[in-house]
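Protein chains in written order, with the numbering used here: chain A, 35 to 238; chain B, 19 to 161.
Think of the CB as a built atom: it goes at the ideal place given N, C-alpha and C, for glycine as much as any other residue.
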């Protein structure tokens with residue numbers, strides 16, 4: 035959720051997905067972290083909540099359309115908690131600050147693309163590249179996306195492509211820190227200093 | 019105080035430990051098998067995001083503490099390296115077992131400090147064990 039963006043290809047897909055989101059987002063239940071029926075908890079600090087609200091305003095100021103506003107509500111009994119409800123923004127563009135930065139909050143932006151190439155270009159021109167997923171029934175499009183996208187963790191029809199612990203976890207570009215990623219074989223390498231021994235034992 | 023780290027801006031309310039203050043729980047450095055509180059250390063508040071209240075203060079390290087930790091680790095390393103890999107692996111698996119044994123406690127701590135739902139904390143505990151957790155078959159993924 036560091037910066038959730040949906041890039042529908044073609045207006046028909048964009049409208050269909052927007053309709054579904056309009057139906058589903060209001061059903062999300064926000065609650066305290068120990069609430070077993072909650073689907074999302076609070077954000078981490080009051081400052082961070084303000085920062086997220088600032089990005090929502092910035093997206094509107096830069097010309098995106100606010101579809102669902104998650105600001106300005108509080109959870110009964112927990113008025114002091116750092117709660118935000120989900121926000122949906124449509125018609126965002128890759129040049130907007132809300133796309134350039136990582137928001138780290140419940141703000142979903144729709145950036146519409148006309149073609150596969152245009153959609154692929156959005157993650158590829160971004161200076162970061164942690165995780166991305168392609169949703170399609172077209173195997174060729176999926177293969178091309180996996181091969182050409184410059185992002186470290188890629189999903190195909192799978193929403194959260196963060197692999198289990200024995201694979202590496204980490205992005206490309208500015209989403210990578212140091213020479214190695216986290217977990218998996220890279221974590222063994224991090225703690226290992228290699229030594230190469232070249233030897234012969236001639237007979238006699 | 020405003021700390022600027024890369025492109026992210028972190029607001030820290032800086033607080034200095036003194037002996038007189040009635041304090042919430044302090045999360046201090048864990049060095050050489052024990053918690054060590056440094057009088058005068060800078061701290062930042064740890065909130066419970068669900069209530070908005072400060073539940074603890076996190077003690078910051080500094081260059082001297084880092085040097086101490088590195089010295090302790092360096093002193094321990096030769097003896098650790100001399101232990102055969104199977105025995106070293108046992109220690110790591112014991113660590114894994116302890117995490118599993120205290121899973122509920124860890125999950126509640128994580129959620130109370132971060133705000134994420136208990137289920138989300140549970141999945142961070144099981145998806146990010148690094149090389150410690152073997153797959154379900156029991157085979158060690160480490161080579």
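Item                                                                                                                                            : Value
Residue 79/B versus residue 47/B: straight-line alpha-carbon distance, rounded                                                                  : 7 angstroms
For residue 112/B, the residue or residues it bridges with in DSSP                                                                              : Note: residue 112/B sits in no beta bridge, so no partner.
Minimum C-alpha distance to residue 87/B - residue among 43/B, 51/B and 72/B                                                                    : 51/B
CB contact below 8 angstroms: residue 205/A versus chain B                                                                                      : no
Interface positions of the stretch 98-132 of chain B facing chain A (Cβ-Cβ less than 8 angstroms), listed along the chain                       : 126, 129, 130 and 132
Residue 140/A and residue 74/A closer than 8 angstroms at C-beta                                                                                : yes
Identified DSSP bridge partners for residue 83/B                                                                                                : Residue 83/B pairs with nothing; no bridge assigned.
Helix, strand or coil at residue 119/A according to DSSP, with G and I counted as helix                                                         : coil
Contacting positions in the stretch 68-101 of chain B - beta carbon closer than 9 angstroms to chain A                                          : 68, 69, 70 and 71
Nearest neighbour of residue 226/A, chosen from 53/B, 140/B and 99/B [CA to CA]                                                                 : 99/B
Where residue 82/A sits in the DSSP three-state scheme                                                                                          : helix
Residue 77/A vs residue 133/B beta-carbon contact at 8 angstroms                                                                                : yes
Contacts around residue 51/A, its chain only, beta-carbon distance under 7 angstroms, and the 5 residues preceding and following it disregarded : 40 and 42
Straight-line Cα distance separating residue 68/A from residue 125/B                                                                            : 10 angstroms
Boundaries (first-last residue) of the beta strand (DSSP E) holding residue 51/A                                                                : Note, residue 51/A: premise wrong, no beta strand (DSSP E); alpha helix (DSSP H) at 45-58.
Coil, strand or helix - residue 91/B by DSSP                                                                                                    : helix
Span separating the alpha-carbon of residue 214/A from that of residue 220/A                                                                    : 6 angstroms
Residue 120/A vs residue 59/A beta-carbon contact at 8 angstroms                                                                                : yes
Among 129/B, 65/B, 70/B and 82/B, nearest to residue 59/B - alpha-carbon criterion                                                              : 82/B
C-beta neighbour in chain A for residue 140/B, strict 8 angstroms                                                                               : no
CB contact check: residue 202/A to chain B, cutoff 8 angstroms                                                                                  : no
Any C-beta of chain B under 8 angstroms from that of residue 75/A                                                                               : yes
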